[in-house]
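In full-length UniProt numbering, the protein residues as written are 1 to 665.
Using N, Cα and C, we set each Cβ at its ideal position, and we do this for glycine too.
As the structure is a prediction and not an experimental result, all values here were calculated from the model.
Have a look at the structure below, then the notes.
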């Protein structure tokens with residue numbers, strides 16, 4: 001691979017330039033001068049005119065940690081302000097939270113299309129293959145008005161990989177790990193289309209130490225083989241655009257199938273329970289200009305989520321089978337006014353979702369949403385605001401509440417967010433890069449309606465709850481970010497942001513009987529934190545990323561034995577260091593992650609307290625350009641062999657190895 005291509009693999013911290021060098025010598029000099037300027041870095045992100053708040057664009061397929069990663073969750077795990085927790089070996093299940101909120105309080109999108117979620121859990125991040133996505137936009141504490149959703153924990157919008165130019169490009173990737181896992185990926189890309197196919201299978205065989213239910217007595221600990229944690233996964237994603245007169249039309253199709261074992265906790269293993277999941281999504285967007293500054297956009301999406309749990313020995317549930325199905329329809333329209341400095345838009349949406357368990361309809365939700373946003377952006381400052389109103393109506397089926405008649409629940413909520421940013425360098429130089437230094441502040445008020453699962457249960461272990469209120473949160477945040485040319489031609493960039501969130505009416509599942517749970521508004525929380533990032537980049541030589549997050553999340557709810565306790569699964573200290581070194585065609589990548597002061601239960605029992613956890617991954621890859629570009633990679637995962645669990649009872653594997661071959665042409 002030539003030097004410019006090699007540098008391109010590492011310039012995940014830079015926003016690529018959109019101009020080519022053309023014309024006479026003067027034009028070439030002008031472009032070269034622009035190349036020498038300080039470029040905006042991705043942790044700064046070029047301003048999204050529609051976002052009334054601070055957000056980050058995190059690269060995925062081209063991230064510094066991508067050569068060490070198997071899935072998108074591996075890269076997200078190393079970001080500031082993000083908590084990824086795993087239940088089992090790679091590929092089994094992981095969930096994500098932002099800034100101390102819970103995974104249920106985060107909305108997930110692919111190219112603005114809502115990602116369907118199973119009946120009882122947030123979307124499983126392990127189902128998102130890394131090479132499919134160019135980046136993910138993380139919106140902490142608020143859902144931007146252009147995304148169809150409302151929640152208090154923020155949103156993630158995954159953006160598909162798109163090549164530059166119209167010529168077709170092909171990608172093939174094959175990987176194998178020492179846990180007996182194999183994956184195959186194939187993709188075809190053009191400037192207007194993407195076809196992506198993936199297949200993955202793993203036996204996930206590894207050893208773990210069982211304490212035999214007596215954590216204080218180590219004499220009866222046993223080394224066991226983890227069973228029934230295998231999985232098979234396949235998916236297809238297609239994306240295309242076309243022009244029809246003044247209309248620009250984009251379509252998205254996404255299909256996913258997964259079959260995996262449910263191994264149970266380590267001291268009560270489950271041998272035969274399995275879960276089969278299918279997800280189907282389709283979306284069409286159409287946009288056209290009405291004038292030079294006014295344009296309209298229409299969107300329609302449909303999705304279907306199916307999850308079947310089979311338990312022939314009745315080890316997990318009282319029945320041998322449980323089937324849940326959830327179709328969802330969404331339609332909306334947006335009208336936007338845009339100039340060089342002003343951006344304003346209004347959005348209206350209608351959504352329908354239903355839940356059926358064992359082919360019996362439990363409930364249906366009708367939702368209407370209206371949002372508006374406006375921003376004024378100059379080289380000196382940016383001011384943005386948004387507000388939204390959401391109304392939901394849940395229609396409960398007959399007998400949803402113990403021989404009850406059909407019942408209707410109505411909820412409404414208002415959200416708002418404001419953002420102001422100052423770029424002081426513009427005071428001294430009108431042509432200064434507006435992203436080279438920015439000081440900003442944000443205030444957000446948000447809400448989350450109860451999910452259909454929380455309100456209506458699952459007919460087995462979770463009973464219906466008639467008196468749920470929406471969760472609410474207020475967040476204040478302030479930060480600074482910038483970039484500058486350091487000595488020795490090193491580009492230095494940094495970001496530091498502090499936030500404080502107050503939330504009330506958190507929904508918890510509490511014991512209702514000897515075998516059932518019920519959802520109640522029983523918790524409130526105060527969450528404070530600080531995110532810091534520093535990146536040092538010497539083009540074609542090295543890239544060093546340092547990240548640190550401090551998080552203080554405490555429960556101030558109405559349950560006495562939870563009060564003033566730390567919320568579980570939220571590390572108070574999270575630090576990541578990643579170093580990439582280039583030696584011609586050879587690249588070395590090492591990443592170290594530290595998690596400290598983690599309580600893994602709501603009671604803050606010191607038996608489940610995790611003082612520290614250190615994970616180190618290291619790998620090398622070699623690039624060979626001969627017609628196609630071939631990249632051979634070898635990575636050692638979890639060099640420290642740290643097997644401390646994220647969720648109590650769900651063991652994690654120790655050290656394992658990953659070999660991968662990638663071809664691009």
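Inter-residue spacing [alpha-carbon to alpha-carbon] between residue i and residue j
| i | j | result |
| --- | --- | --- |
| residue 289 | residue 337 | 10 Å |
| residue 21 | residue 166 | Summary for residue 21: the model assigns pLDDT 31, below 50, so the residue's position carries little reliability, and this model does not support an answer. |
| residue 478 | residue 180 | 46 Å |
| residue 544 | residue 468 | 47 Å |
| residue 283 | residue 332 | 11 Å |
| residue 596 | residue 286 | 48 Å |
| residue 562 | residue 556 | 8 Å |
| residue 74 | residue 236 | 21 Å |
| residue 373 | residue 355 | 32 Å |
| residue 457 | residue 319 | 16 Å |
| residue 248 | residue 292 | 15 Å |
| residue 281 | residue 531 | 35 Å |
| residue 129 | residue 550 | 29 Å |
| residue 206 | residue 233 | 20 Å |
| residue 191 | residue 665 | 15 Å |
| residue 677 | residue 586 | Nothing about residue 677 can be reported from this structure: the residues present for the chain run from 1 to 665 only. |
| residue 618 | residue 200 | 23 Å |
| residue 169 | residue 188 | 6 Å |
| residue 127 | residue 255 | 11 Å |
| residue 459 | residue 258 | 24 Å |
| residue 25 | residue 61 | Annotation note: pLDDT 40 at residue 25 (below 50); position unreliable, no value reported. |
| residue 225 | residue 178 | 15 Å |
| residue 364 | residue 124 | 23 Å |
| residue 513 | residue 462 | 10 Å |
| residue 267 | residue 371 | 49 Å |
Buried/exposed call for residue i, threshold 16 Cβ in 10 Å
| i | result |
| --- | --- |
| residue 412 | exposed |
| residue 515 | exposed |
| residue 143 | buried |
| residue 214 | exposed |
| residue 449 | buried |
| residue 217 | exposed |
| residue 223 | exposed |
| residue 428 | exposed |
| residue 246 | exposed |
| residue 382 | buried |
| residue 414 | exposed |
| residue 53 | buried |
| residue 157 | buried |
| residue 547 | buried |
| residue 35 | In this prediction, residue 35 has a pLDDT of 33, which is less than 50 and means its spatial position is unreliable; nothing more can be read from the coordinates. |
| residue 359 | exposed |
Run of the beta strand (DSSP E) containing residue i, from where it starts to where it stops
| i | result |
| --- | --- |
| residue 455 | From DSSP, residue 455 is part of no beta strand (DSSP E) but of the alpha helix (DSSP H) over 452-456. |
| residue 303 | 294-310 |
| residue 287 | 274-289 |
| residue 212 | From DSSP, residue 212 is part of no beta strand (DSSP E); its letter is neither H nor E. |
| residue 698 | The structure shown does not extend to residue 698, since the chain is modelled only from 1 through 665, so no value can be given for it. |
| residue 236 | 231-244 |
| residue 187 | 181-189 |
| residue 630 | 628-637 |
| residue 322 | 321-338 |
| residue 175 | 169-177 |
| residue 257 | 247-261 |
Close beta carbons around residue i, own chain, < 6 Å, minus the five adjacent residues each side
| i | result |
| --- | --- |
| residue 313 | 272 |
| residue 663 | 172, 628 and 630 |
| residue 310 | 274 and 321 |
| residue 186 | 172 and 197 |
| residue 453 | 119 and 120 |
| residue 661 | 174 and 632 |
| residue 592 | 577 and 616 |
Own chain, CB closer than 7 Å to residue i, minus 5 neighbours either side, in chain order
| i | result |
| --- | --- |
| residue 341 | 376, 377 and 378 |
| residue 437 | 423, 424, 425 and 482 |
| residue 229 | 88, 89, 92, 204, 261 and 263 |
| residue 626 | none |
Contact with chain D by residue i, beta-carbon distance below 8 Å
| i | result |
| --- | --- |
| residue 618 | In the structure shown, chain D cannot be found, because there is only a single protein chain. |
Sequence-distant residues of its chain with Cβ nearer than 8 Å to residue i (five each side left out)
| i | result |
| --- | --- |
| residue 643 | 208, 209, 651, 652, 653 and 654 |
Ignoring anything shorter than 3 residues or poking outside the segment 51-98, list the beta strand (DSSP E) runs there in chain order. 56-59, 82-86 and 94-98
Whole beta strand (DSSP E) elements within the segment 474-543, 3-residue minimum: 491-511 and 517-538
Along the chain, which unbroken stretches of the alpha helix (DSSP H) at least 4 residues long are found entirely within the segment 352-395? none
To test your reading of the DSSP string, which unbroken beta strand (DSSP E) runs of 3 or more residues are found completely within the segment 548-584? 573-583
If you scan the segment 95-156 from start to end, which runs of the beta strand (DSSP E) of 3 or more residues do you find wholly inside it? Taking 3 residues as the minimum length, the beta strand (DSSP E) runs contained wholly in the segment 95-156 are 107-110 and 133-140, in order along the chain.
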